[in-house]
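Chemist: One structure, pasted below without further comment.
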Amino acid sequence: MALSDYTGRAVLTAVDLVNSQQVLTGRDTLTAEAELAGLLGARGWALDRPLVTTDLERLRALRPRLRFVFGGTPVRKSVEDLNALLRELGAQPQLTDHDGGWHWHYVRPRAPLAERVATTCVVALLTVIADGGAARLRICEGTGCGNVFVDASRPSSRRFCDTKGCGNRAHVTAYRERRKQRDPK
342 MALSDYTGRA VLTAVDLVNS QQVLTGRDTL TAEAELAGLL GARGWALDRP LVTTDLERLR
402 ALRPRLRFVF GGTPVRKSVE DLNALLRELG AQPQLTDHDG GWHWHYVRPR APLAERVATT
462 CVVALLTVIA DGGAARLRIC EGTGCGNVFV DASRPSSRRF CDTKGCGNRA HVTAYRERRK
522 QRDPK
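The opening residue of the sequence shown carries number 342 in my numbering; numbering runs sequentially from there.
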């Protein structure tokens with residue numbers, strides 16, 4: 342599955358936002374404006390004004406509303422809920438070429454950052470679903486993980502996130518188990 346740069350950036354932002362609230366451990370890595378700025382800056386968002394507490398609160402509140410589309414929620418339910426979120430956000434599609442190439446924006450000009458990020462992430466997730474990729478929105482199978490990811494691999498066979506070494510740990514555990522069965526001592 343190929344994601345355009347614009348959609349890919351927004352989908353990965355959604356993944357980062359969701360994963361900043363680790364549901365299995367209760368740990369939250371998005372507790373200050375500086376952390377939000379780092380997360381958004383790493384994904385190429387233009388931070389044209391300082392982040393404020395309202396931005397942080399709105400994007401933290403968005404996380405559970407995005408998490409549900411990962412890991413087997415029926416597609417129609419995901420689409421209904423994401424469309425409802427778009428309506429709440431007041432999406433206003435418009436074509437723009439501000440950075441040299443034509444692409445869609447979904448918020449009014451000069452909208453607050455949290456609104457821009459939220460709306461763009463929701464549209465990106467809907468785009469993945471529309472392109473037949475709903476099954477690629479997954480939850481890591483690593484023991485005790487719970488992170489979400491987008492499986493962009495060609496065979497759609499990825500089972501683990503990249504952020505915690507879950508796949509590596511699972512492979513090492515499987516290797517040790519095979520060795521133990523071959524050479525019991």
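Backbone N, C-alpha and C fix where the C-beta goes; we use that ideal spot for every residue, glycine too.
1) Counting Cβ pairs closer than 8 angstroms, one from the region 461–477 and one from the region 364–374, do we hit at least three?
2) Determine whether the beta carbon atoms of P453 and D503 lie at a separation below 9 angstroms.
3) In the DSSP assignment, find the beta strand (DSSP E) that holds A427 and state where it starts and stops.
4) Check for me: the beta strand (DSSP E) holding R479 runs from which residue to which?
5) Spatial neighbours of R457 within its chain, please: CB distance less than 6 angstroms, with the 5 preceding and 5 following residues excluded, ordered by chain position.
6) Output the distance between the C-alpha atoms of T366 and C507, rounded to the nearest integer angstrom.
7) Is it right to say T460 is buried, meaning 16 or more other beta carbons lie within 10 angstroms of its own, or is it exposed?
8) Just grab the DSSP bridge partners of D369 for me.
Modeler: Looking at the coordinates:
1) Not touching, per the Cβ criterion.
2) No.
3) For the record, residue 427 in the displayed sequence is Leu; it is not Ala. For L427, there is no enclosing beta strand (DSSP E); the residue is found in the alpha helix (DSSP H) stretching over 416–430.
4) Residues 478–480.
5) Result list for R457: V448, in chain order.
6) It is roughly 15 angstroms from the alpha-carbon of T366 to the alpha-carbon of C507.
7) Counting the other Cβ atoms within 10 Å of the Cβ of T460 gives 16 or more, which makes it buried.
8) Per DSSP, Q362.
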